[in-house]
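Counting from 1, one number per residue, gives the positions in the sequence shown under full-length UniProt numbering. Every residue, glycine too, gets a C-beta built ideally from N, C-alpha and C. Inspection log for the structure reproduced underneath, given as C-alpha cells.
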Amino acid sequence: MFYLDTSAAVASITQEPHSERIWRWLGDHADASILCSGWVATELSSALSIKVRTGAFTLEQRVAAWNDWRRFREASLADIAVMPEHFETAAAFCDRPDLGLRAGDALHLAIAQSGGLSLVTLDRAMGDAALQLGIAIEQL
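Have a look at this one:
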C-alpha cells in the first residue's frame, strides 16, 4: 500500500518536469491501494493558487486542474484520515534538526508511517528523511 504525497499529486494533474515519472508509476500500479490524506488536498490547492499568483496558470486552468484532482482522487485513491496522533508524531520528527523537515512534510511522513505505507514522492529531501525514519519510499 502506498501514500501519495503532494509533490506526486501535483505532478499527476499538471505538467511538471517529472510528470511523466508519476504517470508511468501510476500506470504500473493501477491495481495497487494508493492512499492520500486531506492534507494532500490542502497543499495541492495551495500549489495551484501559487501557480495562479505567479502567472504559471490562469484561474480557469486552476479550476480545471482542481477538477482533474477531484476526479482522480475519487476514481483512483483511498482516503486516510489525519488523526491527532499524526500531529504529535510529526512534531517529534520536527524535533530532529538532522532530518531537515518542514511541518507539512513531517505530517505526510507521520501519516505514511502510521499506516505502514510506502511514501510516493518526487521530493528527494523528504524521501531521504523517510528512509532515516524507516519509512519505505517510492522515490520517482
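Unbroken beta strand (DSSP E) run spanning Glu138, endpoints = Unbroken beta strand (DSSP E) run through Glu138: Ile137 to Gln139.
query = DSSP on Ile34, reduced to helix/strand/coil?
reply = Ile34: strand per DSSP, three-state reduction.
request  = Tell me where the alpha helix (DSSP H) around Leu107 begins and ends.
outcome  = For Leu107, the enclosing alpha helix (DSSP H) stretches over residues Ala103 to Ser114.
message = Can you find the residues in the same chain that come closer than 8 Å, C-beta to C-beta, to Ser114, ignoring five residues on each side of it along the sequence?
response = Cβ-Cβ distances below 8 Å link Ser114 to Met83, Glu85, His86 and Thr89 in the same chain, with the five nearest sequence neighbours on each side left out; the list follows chain order.
query = Can you round the beta-carbon distance between Leu122 and Ile135 to whole angstroms, since I take them to be within the 8 Å contact cut?
reply = Ile135 and Leu122 do not touch by the CB rule: their CB atoms are close to 16 Å apart, not below 8 Å.
key: Chain-order list of residues whose beta-carbon lies under 7 Å from that of Leu44 (same chain, five-residue window excluded)   = Within its own chain, the residues whose Cβ lies closer than 7 Å to the Cβ of Leu44, once the five positions on either side in sequence are excluded, are Thr6, Ala9, Val10 and Trp69, listed in chain order.
request  = Going by DSSP, name the residue or residues bridged to Ser118.
outcome  = DSSP lists Phe2 as partners of Ser118.
task = Have a look at Glu20 and Leu26 and give me their C-alpha separation to the nearest angstrom.
result = About 10 Å.
request  = May I ask you to list the residues that DSSP assigns as paired with Ala78?
outcome  = The partner list for Ala78 (beta bridge, DSSP) reads Leu35.
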